[in-house]
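Below: the structure, in structure tokens.
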Amino acid sequence: MSEGPAGQGEIWTVTAKVANIEREHTVVVLTTAAVILQDGPVTVAMVKPGREILEKRRLLTVAIPGTSDVVAVYNMVAFPAAWFTRRQGVLPPDSLASVRSALKSYFDLHD
Numbered sequence: 012m013s014e015g016p017a018g019q020g021e022i023w024t025v026t027a028k029v030a031n032i033e034r035e036h037t038v039v040v041l042t043t044a045a046v047i048l049q050d051g052p053v054t055v056a057m058v059k060p061g062r063e064i065l066e067k068r069r070l071l072t073v074a075i076p077g078t079s080d081v082v083a084v085y086n087m088v089a090f091p092a093a094w095f096t097r098r099q100g101v102l103p104p105d106s107l108a109s110v111r112s113a114l115k116s117y118f119d120l121h122d
């Protein structure tokens with residue numbers, strides 16, 4: 012098992028365990044490093060194939076370079092840090108900036 016997520020923009024496999032059923036999900040960490048250090052749940056956005064995204068939700072997604080997948084900012088979940096099983100990589104800085112912008116839009120946080 013990995014040590015767990017360290018900060019925003021990391022791409023992970025999460026093994027969710029609900030009712031004795033395990034399911035793997037690919038996610039992007041949204042929680043900041045300072046909050047992760049407090050040992051609470053880690054908020055993530057689910058990664059989905061770009062072809063599955065409805066047009067009306069496309070503005071709340073960010074393409075993951077080198078793949079056909081997107082970060083679905085509209086689909087956020089909080090998982091225990093212990094469920095993070097494999098680090099797959101990290102978003103490039105410009106993609107992480109786009110995720111932050113999409114979050115501002117989702118929560119209507121623009122000035």
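Quick note on my numbering: the sequence shown kicks off at 12 and runs consecutively.
All C-beta atoms, glycine included, are put in the ideal place defined by N, C-alpha and C.
From this set, the options, which residue's C-alpha is nearest residue i's C-alpha?
i	options	result
residue 45	111, 16 and 59	16
residue 112	87, 28, 72 and 88	72
residue 99	70, 58, 51 and 28	58
residue 108	25, 23 and 82	82
residue 61	40, 119 and 84	84
residue 89	54, 40 and 121	54
residue 56	43, 87 and 29	87
Report the three-state DSSP secondary structure of residue i (helix, strand or coil).
i	result
residue 17	coil
residue 30	coil
Measuring CB to CB, does residue i end up less than 9 Å from residue j?
i	j	result
residue 27	residue 21	no
residue 24	residue 35	yes
residue 37	residue 19	no
Could you give the residue range of the alpha helix (DSSP H) that holds residue i?
i	result
residue 44	44–47
Please give the ranges of any beta strand (DSSP E) in the stretch 54–109, keeping only runs that are unbroken, at least 3 residues long and fully inside the region.
72–74, 80–90 and 95–101
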